[in-house]
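Q:
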């Protein structure tokens, strides 16, 4: 995986949907947890940061400005993993660069998974493989929409450890949508909650 300069993900005056203009920064290697009631706009905020939904305001990754960067280039750098991952080819390996992935064993897979039919995957397998797929595309920042929602507690713990370790090691800024206060306490450095169409800082512990 290539080495990039550590970069902060910064939003200034960001307005999407009903969310008021908000500003925040996720530092290199920092995990910012985002919570809020269902329908409050968490996923839309992530999609705006990924330049997938119309929005106002400025988003930057270090010196790279979203508005002046081609969409596919921005989304390669600021990689979003949605709650429901999309799969468009028949086999798992067709979704990965060069048809293979690193860290398969870390999330409980062997190399044979690259030949599996997507239609045979469980929701939990899809969720773990979507994370591996995102990492395989060598991002510089991660936007994670409830990345452990379909996993059992033991697998959740494995994924949390793996993701937090990667974020620290590669100095990725990470925005992690979560509902579980215990998970937020385990993984997050900072916590913002959507309330009354704005973001409010919440202690992590």
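In this note's numbering, the protein residues as written are 123 to 327. Cβ coordinates follow ideal geometry from the N, Cα and C atoms, glycine included. Keep in mind the model is a prediction, meaning the values are calculated, not measured.
Need the endpoints of the beta strand (DSSP E) that residue 179 sits in, please.
A: Your numbering for residue 179 matches position 57 in the chain shown. Looking at the DSSP string, the run of the beta strand (DSSP E) that includes residue 179 is 178–183.
Q: Compare the beta carbon distance of residue 262 and residue 183 with 8 angstroms and say whether it is the shorter of the two.
A: What you label residue 262 is simply residue 140 of the chain shown in a count that begins at 1. What you label residue 183 is simply residue 61 of the chain shown in a count that begins at 1. In contact: residue 262 and residue 183 (Cβ atoms closer than 8 angstroms).
Q: Excluding the five sequence neighbours on either side, which residues of its own chain have a C-beta within less than 7 angstroms of the C-beta of residue 308, listed in chain order?
A: Counted from its first residue, the chain shown places residue 308 at position 186. 282, listed in sequence order.
Q: Taking the alpha helix (DSSP H) that residue 305 falls in, what are its first and last residues?
A: Your numbering for residue 305 matches position 183 in the chain shown. 303–309 is the extent of the alpha helix (DSSP H) around residue 305.
Q: Which word fits residue 325, buried or exposed, when buried means at least 16 other C-beta atoms lie within 10 angstroms of its C-beta?
A: Translated into the one-based positions of the chain shown, residue 325 becomes position 203. When all chains shown are included, residue 325 counts as exposed.
Q: According to DSSP, is residue 148 part of a helix, a strand, or is it coil?
A: Taking the first residue of the chain shown as 1, we reach residue 148 at position 26. It is a strand residue.
Q: Residue range of the beta strand (DSSP E) that residue 323 falls in?
A: Along the chain shown, read from residue 1 onward, the residue named residue 323 stands at position 201. Counting along the chain, the beta strand (DSSP E) containing residue 323 begins and ends at 320–323.
Q: How is the alpha helix (DSSP H) around residue 276 delimited, first residue to last?
A: Here residue 276 refers to the residue found at position 154 when the chain shown is read from its first residue. First-last of the alpha helix (DSSP H) with residue 276: 275–292.
Q: If residue 111 sits next to residue 304, beta carbons under 8 angstroms apart, how far is it from one beta carbon to the other, in whole angstroms?
A: A question about residue 111 goes unanswered here, because the residues of the chain that appear run from 123 up to 327.
Q: So, with DSSP's three-state summary, where would you put residue 246?
A: Residue numbering aside, residue 246 sits at position 124 when the chain shown is read from its first letter. Here residue 246 sits in helix by DSSP.
Q: Compare the Cα-Cα distances from residue 245 to each of 271, 231 and 194 and report the closest residue.
A: Here residue 245 is taken as the residue at index 123 of the chain shown, counted from 1. It is 271.
Q: Mark residue 313 as exposed unless 16 or more other C-beta atoms lie within 10 angstroms of its C-beta, in which case mark it buried.
A: Mapped onto the chain shown, residue 313 falls at position 191. Under this definition residue 313 is a buried residue.
Q: Using 10 angstroms around the beta-carbon of residue 292, count the other beta-carbons present and answer buried if the total reaches 16, otherwise exposed.
A: Residue mapping note: residue 292 aligns to position 170 of the chain shown, counting from 1. Classification for residue 292: buried.
Q: Have a look at residue 181 and residue 274 and give me their C-alpha separation to the nearest angstrom.
A: If you number the chain shown from 1, residue 181 lands on position 59. If you number the chain shown from 1, residue 274 lands on position 152. So the two alpha carbons sit approximately 34 angstroms from each other.
Q: Can you check whether the CB of residue 240 is closer than 8 angstroms to the CB of residue 214?
A: If you number the chain shown from 1, residue 214 lands on position 92. If you number the chain shown from 1, residue 240 lands on position 118. Yes, the pair counts as a contact, with Cβ atoms nearer than the cut-off.
Q: What first and last residue would you give for the alpha helix (DSSP H) that runs through residue 198?
A: Here residue 198 corresponds to residue number 76 of the chain shown, with the count starting at 1. 193–199 is the span of the alpha helix (DSSP H), which, as asked, contains residue 198.
Q: Specify, as a first and last residue, the run of the alpha helix (DSSP H) that residue 169 falls within.
A: The residue labelled residue 169 in the question sits at position 47 within the chain shown. Taken as a continuous stretch (DSSP letters only), the alpha helix (DSSP H) holding residue 169 covers 164–171.
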